[in-house]
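If you read the sequence shown in our numbering, its first letter stands for residue 26, the second for the next number, and so on. Ideal placement from N, C-alpha and C gives every residue a C-beta, glycine not left out. This report refers to the structure that appears directly beneath it.
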Amino acid sequence: MARYDVILIFVLGLVAGILLARTLMSKASASVMENVEWWEAVRDEKGRLVKIIVHRKQERSQ
Numbered sequence: 026m027a028r029y030d031v032i033l034i035f036v037l038g039l040v041a042g043i044l045l046a047r048t049l050m051s052k053a054s055a056s057v058m059e060n061v062e063w064w065e066a067v068r069d070e071k072g073r074l075v076k077i078i079v080h081r082k083q084e085r086s087q
């Protein structure tokens, strides 16, 4: 019976870790995307993604 308790605690910890990581990554990506005005994907002849060009918002200084 103790083996099942250890497995249950491990699985619950794993699920909690995954949920925490997803939450932190979504908040981080949201703060990065605040400064992006638009982006474009550059592809080669076969349609494979080569790079992504990100255009940042210009800060208005007056």
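| Roughly how many angstroms lie between the CA atoms of ARG68 and ALA55, to the nearest whole one? | Our two residues, ARG68 and ALA55, have alpha carbons roughly 25 angstroms apart in a direct line.
| message | Using a Cβ distance threshold of 8 angstroms, determine whether the stretch 38-49 contacts the stretch 61-75, with at least three qualifying pairs required. | response | They do not touch, by the three-pair rule.
| query | Thinking C-alpha only, which one of GLY72, VAL79, ALA53 is nearest VAL61? | reply | Taking only the C-alpha atoms, the option nearest VAL61 is VAL79.
| What number of angstroms, rounded off, separates the C-alpha of LYS76 from the C-alpha of GLU70? | The alpha-carbon atoms of LYS76 and GLU70 are separated by roughly 13 angstroms.
| task | Using only alpha-carbon positions, find the residue among MET58, ARG28, TYR29 that is nearest to ARG81. | result | Ranking the options by Cα distance to ARG81, first place goes to MET58.
| query | What are the residues that DSSP puts in a beta bridge with LEU74? | reply | Per the DSSP secondary-structure output, LEU74 pairs in a beta bridge with ARG68.
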